[in-house]
Structures are given as C-alpha cells and as structure tokens.
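There are 2 protein chains.
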Amino acid sequence: MSETNTTLPVTVPEEETAALMAHWRAANYLAVGQIYLMDNPLLTEALRPEHIKPRLLGHWGTSPGLNLVYTHLNRVIKAREKSALCVWGPGHGGPAVIANSWLEGSYSETYPDISRDADGMARLFRQFSFPGGVPSHVAPGTPGSIHEGGELGYSLSHAYGAAFDNPDLLVACVIGDGEAETGPLAASWHSNKFLDPVHDGAVLPILHLNGYKIANPTVLARIPEAELDALLRGYGHDVLYVSGDDPATVHRDMARAMGTALDRISLIQRTAREEDIAERPHWPMIVLRTPKGWTGPATVDGLPVEGTWRAHQVPLPGVRENPEHLRQLEAWLRSYRPEELFDRDGRPRPEVMACVPAGPRRLGATPHANGGLLLRDLPVPPLERYAMKVDRPGAALHEPTHVLGDLLEAVMESTAGRRDFRVVGPDETASNRLQALYKATGKAWQAGTLAVDEHLDRHGRVMEILSEHTCQGWLEGYLLTGRHGFFSCYEAFAHIVDSMVNQHIKWLKVSRALPWRRPIASLNYLLTSHVWRQDHNGFSHQDPGFVDHVLNKAPEVVRVYLPPDTNTLLSVAEHVLHSRDYVNVIVAGKQPCFDWLTLDEARAHCARGAGVWDWAGTEREGEEPDVILACAGDVPTQEILAAALLIRRHLPRLAVRVVNVVDLARLLPDTKHPHGLSDSQYDALFTPDKPVIFAYHGYPWLIHRLAYRHTGHPNLHVRGYQESGTTTTPFDMVVRNDMDRYRLVMDVIDRVPGLGVRATRARQAMEDARLRHHAWIREHGTDLPEVTDWTWQPLPVDTGTRA
Amino acid sequence: MSETNTTLPVTVPEEETAALMAHWRAANYLAVGQIYLMDNPLLTEALRPEHIKPRLLGHWGTSPGLNLVYTHLNRVIKAREKSALCVWGPGHGGPAVIANSWLEGSYSETYPDISRDADGMARLFRQFSFPGGVPSHVAPGTPGSIHEGGELGYSLSHAYGAAFDNPDLLVACVIGDGEAETGPLAASWHSNKFLDPVHDGAVLPILHLNGYKIANPTVLARIPEAELDALLRGYGHDVLYVSGDDPATVHRDMARAMGTALDRISLIQRTAREEDIAERPHWPMIVLRTPKGWTGPATVDGLPVEGTWRAHQVPLPGVRENPEHLRQLEAWLRSYRPEELFDRDGRPRPEVMACVPAGPRRLGATPHANGGLLLRDLPVPPLERYAMKVDRPGAALHEPTHVLGDLLEAVMESTAGRRDFRVVGPDETASNRLQALYKATGKAWQAGTLAVDEHLDRHGRVMEILSEHTCQGWLEGYLLTGRHGFFSCYEAFAHIVDSMVNQHIKWLKVSRALPWRRPIASLNYLLTSHVWRQDHNGFSHQDPGFVDHVLNKAPEVVRVYLPPDTNTLLSVAEHVLHSRDYVNVIVAGKQPCFDWLTLDEARAHCARGAGVWDWAGTEREGEEPDVILACAGDVPTQEILAAALLIRRHLPRLAVRVVNVVDLARLLPDTKHPHGLSDSQYDALFTPDKPVIFAYHGYPWLIHRLAYRHTGHPNLHVRGYQESGTTTTPFDMVVRNDMDRYRLVMDVIDRVPGLGVRATRARQAMEDARLRHHAWIREHGTDLPEVTDWTWQPLPVDTGTRA
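Sequence lines, in order, name chains A and B. Residue numbers for the first sequence follow the UniProt record's numbering, so the first one is 1 and each next one is one higher. Residue numbers for the second sequence follow the UniProt record's numbering, so the first one is 1 and each next one is one higher.
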C-alpha cells in the first residue's frame with residue numbers, strides 16, 4: 001500500500017478527457033437505467049412502456065455528480081497507485097455508486113449473478129429498488145461502502161474515522177450541500193484539528209454544490225463565493241474550485257483539481273513524516289459546483305428540471321403512461337450514446353475502462369470498506385492484574401470506571417505499535433475517570449497548545465471533542481474500516497446520537513446477512529456519570545433512556561450490560577472488547593461503589609447474565625423464597641442489598657432471594673433475543689408466582705416491556721427512575737424516585753401476604769426513616785449518616801424459624 | 001417597546017467604567033457566595049469552616065464571563081431603552097445569572113423570600129445547589145431565562161427563535177467555546193440567512209472564548225485569529241473583538257464593542273425597514289476572549305487554576321477541611337471588596353446599580369422570557385370548511401396531511417398581521433404535503449435567489465433548513481417567547497432531536513410547577529413520511545420509536561396521537577393548536593388513506609381517545625364479542641379493517657369488536673397518565689378476558705409497556721414494526737413485519753378457541769394469500785391487485801347465527 005508520488009501534469013491530454021467523459025457517460029447511463037428499465041437494457045430496440053418498471057423509485061439528482069467524482073477518483077488512484085476509499089455523503093444516489101462498481105467489475109465479483117454483460121446489466125437494472133432486490137441508497141450491500149447516506153450528516157466524520165491510523169489511505173468524502181446544513185456535518189469540519197499527518201491518512205472533502213435539496217436551494221450554494229471561501233478557509237482548508245455545466249470543461253478542471261489536491265496531500269504528509277514539522281497543515285478540499293440532475297431532462301411538462309430541485313428523485317415520473325415522457329426518457333438514455341460505451345454483449349468498451357484501476361485499488365474492492373478483512377484480535381490483558389481483591393461482599397468501595405481505565409490503559413499500551421484502538425469521548429474521558437489512559441497515550445490534538453496543557457499529543461489516540469456526533473462518527477468510521485474502539489459518554493447525552501446509532505445498528509443488521517461482509521469490532525459504549533449521580537448538574541443530565549432506545553432495535557445486534565461493581569465491569573469490558581458486530585451498551589458509575597463479587601464470581605455471574613446472589617439472600621435449601629429482590633445497575637444493587645439487610649433486621653423470618661441482572665436482554669424470552677431466558681429458566685430465577693421487587697437503573701417500564709411474556713410477570717413490581725430530579729444528594733435522588741431501600745422494604749411488605757403485626761411495625765419504621773431523611777437533608781443539605789455510613793453485613797442478623 | 005437610537009460615544013467615561021466594574025465585582029462576589037457560603041454572606045466576620053456548604057457544587061469557570069456580559073447588556077439596554085433578552089449558552093453558570101437577577105431586583109420580585117438585603121443574600125447563597133433549593137444551572141426557575149444550558153448546543157437557535165417576529169427585540173446570545181464544538185450549534189450559525197431585518201428582531205451572538213471545556217482546550221480558542229475571523233465572516237457576520245485579562249481594559253473595550261454592535265444593528269434595521277433594501281445584512285457579533293475562572297484563585301495547591309480548565313467547577317474544593325483553601329477563598333471573596341458594593345444591610349450600593357435598567361427592561365423581568373404573558377389564542381378556523389364529506393366509511397381516499405395543509409394555510413393567513421405562527425421543517429414541508437401553506441406565506445429566505453426558485457420569501461413564515469436541530473431550536477425559542485408553531489418531520493428523523501425534546505419536556509415539567517411561569521403554546525410535531533411508506537428510501541428511513549422516547553418523559557407534558565384518517569387528523573390538529581404546555585406528537589401519513597369517520601364522528605372519537613367502531617364489528621347488542629381487533633395508526637387501521645372483512649367472509653359467525661386508539665396514552669392506567677383509562681374503562685373497551693389482536697403503528701412492545709397493568713393484558717397480542725424493511729411496496733412492508741391482514745386473521749384463529757374446521761380452512765386461505773403476495777411481488781414488483789383494489793364493504797357479508 002505504499003504510495004508513489006507521481007505528479008500529474010497540470011494539463012490533461014485530450015484523449016484522457018475523452019476517456020473520463022466516456023466513463024462518466026457510461027455511469028450516468030447505468031444510473032438512469034437502474035431507475036427506469038426492466039428490460040431492453042442496451043436500447044437495442046425502441047423503448048416501449050413494458051420496458052419500464054412499474055414503480056419508479058430512486059434519486060437521480062445527485063447521481064451525475066457522484067459519477068463524476070467516482071470517475072476522477074479512478075483516474076488518480078490508477079495513476080498514482082493510491083489506496084483509497086470514498087464516503088458518499090449523498091448515499092441516496094445509490095444508482096451512481098452501484099453503476100461504477102459494476103463498471104469496474106467489483107460488483108460482479110461480489111454478486112456473480114450480476115455479470116458484467118448484457119444479461120447482468122438487465123439484472124442490475126431490474127433489481128434496483130425492486131422488491132427483493134437492492135435498496136435505493138448506498139447500503140451495506142454496495143461494494144466499497146461504509147456509509148449508508150440515507151440519513152444525512154455523518155459522511156465527513158465517517159471519513160475521518162476511516163483515515164485515522166491508516167497512513168497510506170486516501171479517504172475522499174463527497175458532502176452534499178444539503179447534508180452540509182446538518183449539525184453533525186457542520187461540527188465535523190473541525191475534525192482536521194485531530195488528524196495526525198504522520199500516523200493518519202488523508203481526508204479529501206469534496207463539497208458538492210448542486211444547489212438544491214428536496215424542495216429548496218441550499219444555503220452554501222446561495223451565499224457569495226467570498227463568504228463560502230472564508231467559511232471553508234475558516235474550517236482550516238485550502239480550497240480548490242471546480243464549477244460549470246459544460247462537461248468537457250468540468251472534466252478538465254476536475255482532473256486538475258484532483259491532481260493538485262493529491263500533490264498537496266503528498267507534500268503535507270512528506271513534510272510531516274520526514275521533517276517532523278508540528279504545524280497543523282491546511283489540507284486541501286474541493287468545491288464542485290455542477291447542476292443537480294446534470295445531463296438529465298432540461299424541462300419536463302414545461303417546467304425546468306435539470307439544475308433544479310425537481311431533478312431530486314425521478315425527473316420523468318409518467319413514463320409508462322405518458323408517451324412524451326417515454327420519448328424524453330429514450331432521448332435522455334440515447335444522449336449517452338450507449339453503443340459507444342458498451343459492446344454488443346453489454347461489456348464496457350476499453351475507452352470506458354481506460355482510467356479504471358485494478359484489483360483492490362478499485363473503490364468497490366478496497367478491503368478498508370470491508371473492515372472485518374483487516375481486523376485483528378485486540379490484546380486484552382488478563383483481568384487478574386486489575387481486579388479488586390474481594391474478601392467478602394460489600395467490604396470495600398472502588399470507582400468502577402477508574403479501574404476500567406487501568407485496563408483500557410493496558411490495551412492502549414499494547415496497541416501502541418499497531419495503532420488499531422482508540423477511545424473517544426465528548427471532553428469527558430477524565431471526568432468519567434478513565435484518565436489512566438493518558439499514561440499510555442495522549443489526546444489527539446493538532447491545534448495550538450500552551451504550556452499549561454496536559455496530555456495533548458499530536459499522535460494521541462484518545463479523541464476528545466465536545467460533539468457526541470463527531471465522536472460517534474469517528475468511531476463508526478474507525479470500526480467499519482477494521483479497527484477497535486470505545487466510547488465513554490455521560491449517560492443522558494448518549495441520546496444526542498440516538499439517530500446515528502440507529503443507522504449503525506441497521507448497517508450491522510443488514511451486513512450480518514451478507515456473507516462477504518466480514519464481522520467488525522463492536523461499537524462499545526460506556527454510559528457513566530449516570531442518572532443517579534448528577535450532583536453538579538441535576539435534572540438536565542438525568543436520562544437513562546438510551547438503553548430503551550437501543551433495545552427497540554435488531555436483537556441480533558444490541559446488547560446492554562449493567563455491571564453492579566468493579567469486577568463485573570471488568571468482566572463485561574473484556575467481553576465486549578472481544579465481541580463482533582454488536583452495539584454493546586455498558587452502564588456503570590464512576591463514583592465509589594461497593595465490591596460485591598470476586599473476579600471469578602464476577603466472570604461466572606456475567607457469563608450467566610443474571611443470577612441469584614446466595615450470600616445476600618435468606619432462602620433455605622429446597623424451599624421457595626417468600627419474595628425476590630431483584631436489581632440491575634450499581635445504585636439499584638446497593639439499595640436492594642440495603643433493603644435485604646433491613647428485612648433481615650425487621651422481618652427476620654422472611655425468606656428473601658436476591659437476584660442481580662447484568663445482561664438486560666436476559667429478561668426477554670429466548671424467542672425474542674439470543675440472550676433471552678426460556679420460561680423455565682426465568683421461573684427458576686424469579687419463580688412463577690412469588691412477588692418480585694425489582695430495582696432498576698432506568699425507566700421501570702422497560703423491565704415490564706422486556707419481561708411481559710413470562711409467566712411470573714404479574715408478580716413483577718419495578719422501581720426505577722421516574723423523571724424526578726434536580727441538583728441534590730445521591731440518596732435524595734433514590735428517595736425522590738421511590739427506589740430507596742426504605743421504599744423497597746415497604747414494597748415487600750405490601751406484596752407479601754400474611755406478615756402480621758411485625759410488618760406493620762416494620763412499615764412504620766421505614767416511613768419514619770424517610771421522614772428522617774427529609775428533615776435531615778433540609779437541615780444539613782447532606783444525606784443521613786445511617787445511609788452514608790451504611791455497609792453490607794455479611795452475617796444474617798437472624799434467620800430464625802420461618803413463620 | 002420602540003427603540004430610541006441613541007448612539008453611545010466611542011469612548012466610555014471613566015466613572016462609567018468604574019460603575020460597570022463595580023456591578024461586575026458584585027455579580028462575581030454573589031456567584032462565589034452561592035457556590036460556597038452557608039452563612040456570613042457579607043463577610044462581616046472572618047470566614048470559618050462552618051460558614052461553608054457541606055457539598056460544594058456549581059460551575060465557577062464561566063461565571064465571570066457571563067457576569068461581564070450581563071453588566072454590559074444592562075448598560076446598553078438602559079442607555080438605549082432597548083427591549084432585550086439574553087440566552088445564556090453556558091447556562092451551567094447558574095450562579096452568575098441568578099446573581100445579576102438578584103442585583104437588578106427581578107429575583108426578589110419573583111421570589112419575595114429572597115429579598116434584596118443581607119437576609120435575602122444569605123438565603124440566596126444557601127439555596128443554590130442545596131437540596132430543595134435551586135439547581136446549579138440556569139433553569140426554568142431563573143427569571144429572564146428561556147434556556148437551560150445544561151445540555152449544550154441550542155443557545156443560538158433558541159436566540160433566533162426568540163427574535164423571529166419580534167422586530168423591536170434584541171436577543172443577545174452567549175455561546176461558550178465548548179458549546180461551539182457541538183453539531184447543533186455549528187449548524188445554527190446559518191440562521192442569519194433566515195432572519196428578516198424587517199419583521200424580526202436582532203440576534204447578537206457573543207462567542208465567549210474562555211479557552212477550555214471540562215478538561216481540554218477548545219478548538220475555536222486554539223486556531224489562529226485569522227482562521228477564526230474567516231470562519232465567522234464565512235458564517236456571514238461582521239465581527240468585533242474584545243480580548244484581555246485586565247478588567248478595566250476589557251470593560252472599556254466591551255462597552256465600545258456593545259455600542260458599535262448596537263449601532264450597526266440599528267442601521268441594518270433602519271435600512272431594511274425604511275428603504276426596503278433586500279440585500280442580506282452582515283449582522284454584528286462579538287468575540288469575547290477572557291480567562292476561564294477570571295478573578296478566581298490563580299493557583300491552588302501549586303497548580304494553575306485561573307485561565308485553565310481547572311477553574312471549570314469549584315476551584316477550591318477542600319475549603320471546609322483545608323485551612324489554606326479556606327484562606328484562599330476568603331481572600332478571593334474579599335478581593336471584590338464587598339463592603340464597597342453592598343451597604344450594611346446587604347443592599348447593592350448606588351454605584352453598583354448605576355447601569356442597571358428598570359422595570360420590564362431588566363433581563364430578569366422581560367415578558368419575552370415568560371412567553372405565556374404575551375401569548376394570544378390562535379385563530380383556528382372551523383374544521384367544517386376542510387373536513388371530508390364521508391357518506392360511509394372507507395368509500396373515498398384522501399391524503400390526510402394534504403388536507404391538514406389547507407387548515408394550516410388558513411391559520412397562517414389569519415396570523416399574517418399578528419405574525420405569531422410559524423411552521424418549521426427540514427426541507428420537507430412540501431414532501432409532507434403541506435404545500436398549501438405557500439398560498440398564505442413563503443419560505444423564509446435571505447440568501448441569494450434565482451428565477452427558478454419557488455415560494456422563497458424574505459418575509460416568509462415557513463422555515464426550512466436541512467437541520468432538524470435548527471428547526472427544533474428555532475421553534476422552541478419561538479414558543480418560549482409566547483408564539484405558536486408546528487414542526488413537520490419525517491418520522492424516522494425525529495430521533496435526531498431526541499435529546500433536544502428531552503430538555504424541552506424537562507423545561508415544561510419544571511415550569512408547570514412555577515406559578516409565575518405562564519403556560520406557553522405546545523410544541524406540536526407532525527411525524528409523517530412514516531415507517532410504512534418509505535417506498536423511495538427504505539430501511540434507513542424506518543423508525544417509529546420517537547413515540548417510545550417521548551412516552552418515557554413526564555406524563556403531564558407528553559401526548560401522542562395517531563389519527564387513522566383525514567378528519568381525525570383535523571380534529572387532533574385543532575386540539576393541539578389550542579393546547580398549552582404540552583409536547584404533542586401526531587403520527588399521520590401523507591399517502592392516500594381511506595376516510596373512516598365524518599367530522600362529527602372524528603371529533604367524538606378523538607375526544608374519547610379510543611373507542612369501538614360499531615360499524616366495523618359484528619358483535620351483537622348485549623353479548624360479549626369473541627375477539628377484539630384493535631388498531632392505532634393509519635396503516636394498522638386499514639389492515640385491521642381488511643382483516644375484519646376477511647373474518648366476516650371466512651368466519652361469519654365470529655363476533656368481532658373493532659377498537660381504534662387515537663390517543664396512545666389512553667392505554668396507560670389512569671394512575672400513570674392524565675389520559676389513562678381506569679381498569680373498568682379499559683375492560684369496557686377491551687374486555688377483561690377476550691383475546692385482543694392489536695395492530696400498532698410502531699414497535700409492538702410499546703403497547704405492552706403501556707397496558708401491562710390492566711387486567712386483560714395477558715390476552716393482548718400486538719403486531720407492529722419489527723425493524724424489518726427495505727425499499728419495497730407498501731403491502732410488502734406489512735407482510736415483512738407480520739402486520740398484514742392475512743396474518744392478523746391467522747392471529748385471531750390462533751387465539752380464539754373452538755373455531756373448528758372452518759377455521760382450519762380460513763387459516764389455509766390466509767397462508768395461500770401470503771404465498772400469492774410473495775409470488776406476485778417477485779414477478780411484478782407491485783402489490784397484489786386484491787390488496788391495491790381492496791375497499792371496505794359496509795354491509796356484513798353474513799352475521800348468521802353464532803356457533
């Protein structure tokens with residue numbers, strides 16, 4: 001993959017322009033064909049209504065621009081023997097990218113039934129947007145793609161993610177002027193302050209101003225040139241302009257601009273790598289201004305189409321019914337002169353292929369776009385080195401994410417040479433207690449530095465920018481190109497990327513069904529600084545619903561873990577770092593938390609995903625418990641254990657089982673999720689008929705939504721976050737949401753029948769404790785000493801004889 | 001509220017600078033006091049540990065900058081008799097905004113127990129971040145605020161929303177350099193291409209470069225000045241710079257910059273309003289570069305703090321235990337010379353108050369920040385004008401959102417003079433079939449235009465930008481300042497604003513508990529181009545989960561409606577347009593949909609929220625039905641009715657009840673949502689023991705999560721979207737997700753016992769129909785004629801005698 005820095009001549013020979021234009025015409029022809037044709041692919045006969053698809057679906061408007069870019073990337077890749085990848089921001093222009101892949105042969109290699117001949121062309125056309133065929137957008141099934149492009153905004157961050165730690169790779173990125181209006185895209189321009197010219201590859205943004213969105217002009221196409229130029233230079237770029245609607249001129253100018261851009265990239269990289277210059281370079285970018293729907297019908301039914309928003313989808317909508325539309329379509333298709341482009345058998349003629357590279361250099365064949373091909377196992381060190389020693393449950397406190405930081409440091413350290421692991425976060429890595437990472441690497445930073453700065457590093461692999469969108473986009477691009485990563489985020493603000501994670505899960509779901517797509521490393525979230533501990537920030541920072549959001553998605557892809565202590569967090573982290581093709585969500589606190597399990601116990605518990613904590617319960621061998629206290633999450637686990645202790649003191653004869661759930665999908669039936677429990681497994685844990693008091697980290701109804709199919713569901717009573725919070729103490733938070741130990745004991749009393757007068761007294765004691773809390777906090781502003789000093793008592797106070 | 005365009009002298013008199021600095025010192029003192037002090041507010045005695053709060057929480061770093069801006073806004077507001085509002089992007093600097101409100105008196109007017117004297121100051125300090133007191137961020141309880149500032153990114157779009165249609169209002173907006181890295185903020189800079197200098201007020205962005213986030217430098221503070229300048233000019237601004245760490249110099253420069261900015265704003269507005277100049281102006285903005293934690297401790301424990309990220313929260317963390325920290329805190333507080341700022345009784349001295357405006361001009365007292373004070377009822381015309389005539393159910397098809405467009409057009413028309421209604425959407429207003437709006441107004445647009453453009457209008461009130469974030473931010477700002485609006489959005493991409501709507505719902509929830517906050521117009525979403533009809537776009541555009549997300553939030557705020565036809569959509573729309581303090585989510589299709597109900601029936605049905613459609617069922621008076629077919633959403637309703645028809649043909653003796661649910665919260669128990677049903681109401685609709693086959697628009701488990709507490713829940717069997725989709729036909733979508741009519745009939749057969757051999761034959765017929773579908777679509781790429789030609793048959797085929 002080494003690069004030969006052949007510099008292209010500034011003028012492009014006439015015959016080369018002709019070849020570029022032939023390739024472009026071929027790609028345009030194939031794009032139109034996909035949108036319209038069922039039959040007669042080479043126009044060997046006059047076009048008739050029965051050749052036309054019954055449903056005309058697809059996006060023509062952006063396609064000629066994408067075809068132009070693909071054609072010119074082909075040229076520089078071939079001439080310079082570059083290793084390249086392209087992210088197609090306007091990925092709804094699926095016909096264009098598919099057309100080019102078919103032309104270069106990568107499509108037929110991936111899908112042998114779509115051969116590179118007339119028969120294959122007919123199938124290529126027919127399958128597009130046809131039920132059971134291929135979707136209208138660039139999708140996982142499109143060779144060479146890592147980016148769907150249906151939801152706009154993520155192309156540039158994906159491109160940077162692909163370029164990180166790929167020093168020899170050129171990542172071109174087409175950004176539509178519609179997409180450029182989105183927040184995520186607008187933020188991601190500043191990614192160039194994080195691109196290391198030594199260890200990273202190059203990103204070449206190509207801002208395509210075709211002027212219109214669905215129904216409106218775009219902002220960037222309608223501000224003065226000088227303003228646009230200032231903006232892009234303000235983003236830190238050296239800008240090259242290509243503009244026009246005369247194909248020959250645009251092709252010549254585009255070839256020159258591409259050549260210049262690649263020359264400048266080479267120079268930047270050489271300077272940085274050979275001369276160790278620390279100054280942030282001004283990377284080149286291209287502004288390409290061409291008409292929307294270029295080369296399509298100029299007017300339809302008397303209204304302008306080419307160069308307007310009307311070219312967005314299908315410019316001629318009535319082809320099957322309207323003879324004039326049919327005539328226009330035939331003229332449009334024939335304007336590309338297909339007979340000059342394809343031989344009698346439908347194979348592209350040599351002139352069309354003159355600029356197309358070969359083998360894995362083809363954009364549709366690069367292994368970087370099928371990252372699993374390049375993926376190596378991550379060296380995760382033995383957990384024993386980091387695990388807490390636990391003599392007995394609840395005797396010591398540790399900060400789980402702090403210890404996780406030590407583990408991640410080791411992973412970071414051991415990948416220092418291979419550089420295939422990054423940790424991203426929106427300015428929260430240290431706040432989330434992962435600062436041990438800085439012993440192994442620094443924070444990527446190419447902007448200015450001051451003496452007071454800490455851990456900034458031109459070559460760092462911790463990525464921090466105050467944009468969850470950019471973090472997510474970087475990480476997705478990094479993973480999709482065959483590397484590993486970890487995203488730590490404040491729990492509430494994971495919602496900022498709800499829509500992005502949707503698209504990534506959809507991508508993985510579809511990819512899993514494609515045998516040629518190799519599994520990639522999972523996208524791992526650590527959600528911390530969670531809902532129960534927002535002492536500084538209060539209500540705006542309290543939302544545990546990202547888990548709910550993710551669990552709506554494909555069960556084969558999503559996994560949610562709530563480790564209750566440090567060793568379980570380590571065990572979960574080890575698991576997710578080795579996993580493939582998942583989105584793993586880990587919810588774990590950064591505040592001191594009791595150690596409950598030894599490492600061995602933690603591993604066994606996490607492997608089961610949910611289990612009985614015998615040492616915490618009071619049930620007797622061979623007898624059913626009277627009540628189950630269940631918990632998921634660190635704070636709920638603490639409150640459940642405190643409740644178990646109170647029950648031992650106040651209701652010593654009650655047989656209590658304590659169940660902890662780490663893997664939330666265990667609560668689903670096994671028919672609904674690969675980790676789900678069968679009915680008998682569920683009953684074995686929770687019993688079919690005893691009351692279950694469940695303290696859950698997030699919104700309580702999520703537990704019902706997961707467990708409703710199980711027999712015991714009517715006995716399930718869940719406490720959790722009920723959207724009640726402010727800047728207050730940790731214990732006040734659980735009281736406000738009725739998940740405190742006292743309320744949990746009251747719940748037990750309310751649901752276990754026949755407890756008698758002792759229960760009445762216990763209930764009163766619980767109510768008194770809550771009143772004590774309210775009085776104390778009003779007076780002192782802190783939590784009750786009986787709560788802050790609470791520790792787990794391993795020996796039963798009194799198990800007595802059961803009533 | 002008219003403005004007198006007094007131009008300030010370019011030099012600021014010495015005594016005025018002194019007064020500005022005194023005010024600023026007072027605000028800084030009060031900010032530090034809030035973070036630290038329980039007692040001894042005026043430092044009348046030496047500071048002792050017991051004066052210090054037990055939990056030190058809050059954000060000092062941004063506070064001196066906010067105090068500086070507040071002080072200088074005061075000055076220009078007073079001098080120019082401006083009506084102004086400020087959006088505090090770094091709203092986590094709660095102590096600063098509260099301090100200024102207390103100084104100007106608006107705090108004590110809002111909260112009389114926090115009087116403007118020593119006692120009040122003591123309470124002001126104690127309540128801050130104290131359990132039961134006020135939260136640490138700017139929050140609904142903060143006078144003068146419309147913006148929480150806990151979640152970063154939305155300040156500038158809020159500011160523009162506030163300025164639209166408020167021609168005499170100045171909206172200042174402080175943007176932190178951390179916030180500036182977020183996507184939503186980055187996108188919102190282009191809002192100036194949508195600000196009408198004639199009918200809108202002015203937005204004055206103040207980019208505050210204090211250099212650091214939680215733990216990192218900020219990008220914008222570390223790029224070269226020339227690059228920053230290019231960027232901001234590229235955003236279309238005329239930039240004024242204020243920079244330094246010498247208070248006197250910065251105050252003088254800030255006064256000058258504020259004066260210049262307001263002069264330019266006046267000139268722009270005068271030119272546009274008096275001379276009708278159409279050219280987009282370059283609005284002024286200010287870049288303010290001052291140290292983070294300015295005037296705080298320079299170093300703590302030997303490490304630099306002032307001017308670094310270490311000043312972000314509480315610079316001296318150990319004050320109660322560490323005598324050196326205590327000493328530093330006392331020196332810090334005394335550095336503001338409180339005795340010069342407050343009299344013996346704790347009242348601000350005249351010099352401090354010299355620049356502070358009076359009455360409603362005070363930032364903490366402007367009615368624009370308590371929009372309900374200014375809100376007028378929206379003139380919604382009689383629905384009769386727009387309603388479809390329905391002779392019998394299912395006889396005609398209409399596009400529901402198209403008809404809604406006619407209604408919205410009338411609202412737009414009738415608010416042409418008052419200008420207090422806007423429709424926002426990410427380039428989808430026409431795609432969502434609301435184009436009738438353009439008969440009443442155009443699309444707001446101040447950038448360049450071409451002859452081919454349609455409906456662009458410098459004074460338009462339809463707002464389109466391809467950024468859901470910006471649309472949402474604009475609309476929130478518009479509503480919070482007392483106006484009305486409507487957001488139409490592709491259903492799947494509403495998730496882009498998940499996190500924003502969270503914050504708005506939280507704002508409304510807290511506001512509702514504040515008697516002084518008057519109700520504002522609801523935030524109304526129309527989610528259309530929904531999951532079942534993504535013919536062009538496929539899987540990436542399919543996600544019905546926004547409803548799930550919203551229903552996790554405060555039940556007193558959230559409402560979800562799924563009108564099954566055009567007249568029900570009109571009825572729902574009328575309701576939400578009149579409602580207050582809600583977030584209303586309407587899910588409705590834009591594709592042709594059968595009319596089921598007359599307007600009167602629709603109104604009655606929507607008022608009930610859920611009801612039996614007698615005309616569709618076959619149950620007999622006084623007898624229980626055998627099965628309930630329930631539905632929510634337009635496509636599910638069609639499939640359920642088709643299933644009902646199939647049942648009549650194949651199982652004529654089965655007594656079927658059809659229930660339609662419009663208001664999704666009806667499914668909750670009445671203890672959990674104000675719209676919830678009591679157990680007996682639920683049983684009356686769904687029976688306690690008969691099988692219910694429920695076709696739901698979105699994820700099926702949402703229905704279980706809502707209904708699980710009801711007695712009949714174990715009989716509830718829900719079909720819905722199961723995350724299975726691609727570019728395919730409408731009917732194939734329901735088949736892929738097992739929500740088609742044939743599957744629903746099979747579900748009935750599987751769940752109603754004792755149907756005998758006729759059921760076996762019916763089941764086979766259904767399976768055959770599904771096979772027919774698969775074969776047809778493979779062959780033709782379209783839906784089965786028996787599906788596309790299907791219409792509702794009003795007369796029962798055979799009700800016969802029941803078995």
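Ideal Cβ positions, reconstructed from N, Cα and C, are used throughout, including at glycine.
Starting from residue i and walking both ways along the alpha helix (DSSP H), at which residues does that stretch end?
{"i": "A/R289", "result": "Counting along the chain, A/R289 falls outside any alpha helix (DSSP H), though it belongs to the beta strand (DSSP E) covering P284 to R289."}
{"i": "A/Y386", "result": "Here A/Y386 belongs to no alpha helix (DSSP H), and DSSP marks it neither H nor E."}
If you drop the 5 nearest sequence neighbours on each side, which residues of the same chain put their C-beta closer than 7 Å to that of residue i?
{"i": "A/P357", "result": "N74, I77 and K78"}
{"i": "A/R347", "result": "R116 and D117"}
{"i": "A/Q638", "result": "F594"}
Note down, in chain order, each residue of its chain lying with its Cβ closer than 6 Å to the Cβ of residue i, except the 5 sequence neighbours on either side.
{"i": "A/G477", "result": "H158, G161 and A162"}
{"i": "B/L450", "result": "none"}
{"i": "B/R273", "result": "V198"}
{"i": "B/A602", "result": "N567, T568 and S571"}
{"i": "B/G371", "result": "L480, T481, G482 and I520"}
Please state if the CB of residue j and the CB of residue i are separated by a distance shorter than 9 Å.
{"i": "A/H697", "j": "B/S499", "result": "no"}
{"i": "A/G307", "j": "B/L466", "result": "no"}
{"i": "A/K193", "j": "A/R126", "result": "no"}
{"i": "B/V219", "j": "B/I286", "result": "no"}
{"i": "A/K439", "j": "A/T429", "result": "no"}
{"i": "A/L156", "j": "A/P205", "result": "yes"}
Between which two residues does the beta strand (DSSP E) harbouring residue i extend?
{"i": "A/L434", "result": "Element bounds for A/L434: n/a, residue is neither H nor E."}
{"i": "B/A202", "result": "A202 to L209"}
{"i": "A/R233", "result": "No beta strand (DSSP E) holds A/R233; the alpha helix (DSSP H) holding it covers E225 to G234."}
{"i": "A/C489", "result": "H484 to Y490"}
{"i": "A/A298", "result": "Looking at the DSSP string, A/A298 is not in any beta strand (DSSP E), and its letter there is neither H nor E."}
Once the 5 residues before and after residue i are set aside, which same chain residues still bring their CB inside 8 Å of it?
{"i": "B/A278", "result": "R458"}
Can you pull the chain E neighbours of residue i, defined as C-beta to C-beta under 8 Å?
{"i": "A/T728", "result": "Annotation note: the requested chain E is absent from the structure, which comprises protein chains A and B."}
*asked:* At 3 residues or longer, what runs of the beta strand (DSSP E) sit wholly inside the stretch 604-652 of chain B?
replied: 610-612 and 627-632
_Could you tell me which whole alpha helix (DSSP H) segments of length 4 or greater appear in the stretch 42-125 of chain B?_
63-80, 94-104 and 106-110
*Name, going along the chain, the residues of the stretch 298-319 of chain B whose beta-carbon falls closer than 8 Å to a beta-carbon of chain A.*
P304, G307, T308 and Q313
*Could you name the residues of the stretch 502-516 of chain A whose beta carbon sits closer than 8 Å to any beta carbon of chain B, in the order they occur along the chain?*
N502, Q503, K506, K509 and V510
_Report the start-end ranges of each alpha helix (DSSP H) in the stretch 391-423 of chain A that is 4 residues or longer and not cut off at the edges._
400-414
*Which runs of the beta strand (DSSP E) spanning at least 3 residues fall entirely within the stretch 159-189 of chain A, listed in chain order?*
169-176
*Listed from N- to C-terminal order along the chain, which residues in the stretch 420-441 of chain A have their beta-carbon within a distance smaller than 7 Å of any beta-carbon of chain B?*
D427, E428, A430 and S431
*Length-filtered (4 minimum) alpha helix (DSSP H) runs lying within the stretch 694-729 of chain A*: 701-707
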